[in-house]
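For what it's worth, this note's numbering labels the leading residue of the sequence shown as 428, then goes sequentially.
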Amino acid sequence: MIGVFAALAAFAIDQITKAIVVANAVTLSAGIPVFPGFNLVFYRNDGVTFGMLGGAPWWSLIAFALAICVWLGVMLFRADNAVETLAYGAIIGGALGNVIDRVRYRAVTDFLDFYIGTTHWPAFNLADVFVVSGVGLLLAAPWISARRSIKS
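Below is the structure:
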């Protein structure tokens, strides 16, 4: 249940934040400085991470993401500890959040813009944060589980 809850929470948080961004697209198009090194922006990315595969058919990116989600769903239900299920859930929820964007807009809504001086990291969204965090947690899961069993 932890993984399913994580997927639902990640998906909902992503969709709520994107709805707010889309509703304020005109204002955010120029960017709003939040603090030095961080702006809120409105950007549509038709590619994947860092704009790679930009211009690829939108449906192919959806099919690829859904295939990965199915595989991760199988892994979620095979996982034997809470850390892995949480990680799989976060990845699935984030991926499905971006799939919904591709279905609606043929691109993903990005709005987090971090920068140093004039050098900007590619804009991203909370779905991306959930996917990357889930992957990181999945990579750390063996160590986290080992530490938990030592303390038991």
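Backbone N, C-alpha and C define an ideal beta-carbon position, used for all residues, glycine too.
**Q.** Stretch-stretch touch, CB-based, cutoff 8 Å, three pairs: the segment 558 to 566 with the segment 518 to 527
**A.** They touch, by the three-pair rule.
Q. Do the CB positions of Val431 and Gly516 come within less than 8 Å of each other?
A. yes
Q: Using the DSSP secondary-structure output, state which residues sit across from Asn508 in a beta bridge.
A: Bridge partners of Asn508: none, in fact.
Q.
I'd like the list of long-range same chain contacts for Ser579, defined as Cβ closer than 7 Å, with 5 residues on each side in sequence excluded.
A. In this predicted model, Ser579 has a pLDDT of only 48, less than 50, meaning its place in the structure is not dependable enough to derive any value.
Q. Is any heavy atom of the ligand FAD found at a distance shorter than 7 Å from the C-beta of Ala517?
A. As far as ligands go, the structure on display features none, and thus does not contain the ligand FAD.
Q.
Beta-carbon within less than 8 Å of Ala568's beta-carbon, same chain only, minus the 5 sequence neighbours each way: which residues are those?
A. Excluding residues up to 5 positions away in sequence, Asn508, Val510, Glu511 and Ala514 lie with their Cβ nearer than 8 Å to the Cβ of Ala568 in the same chain.
Q.
Helix, strand or coil, according to DSSP, for Leu566 in the structure here?
A. helix
Q | Bridge partner(s) assigned by DSSP for Asn472 | A | Val535
Q) Tell me, which residues are paired with Leu467 by DSSP? A) Ile459 and Leu539
Q: Might you give, ordered along the chain, the residues of its own chain that have their beta carbon closer than 7 Å to the beta carbon of Gly500, omitting 5 neighbours on each side?
A: Ile519
Q) What is the rounded straight-line gap between the Cα of Val562 and the Cα of Ser572? A) 15 Å
Q: Please report the residue range of the alpha helix (DSSP H) in which Thr444 lies.
A: Ile429 to Ala450
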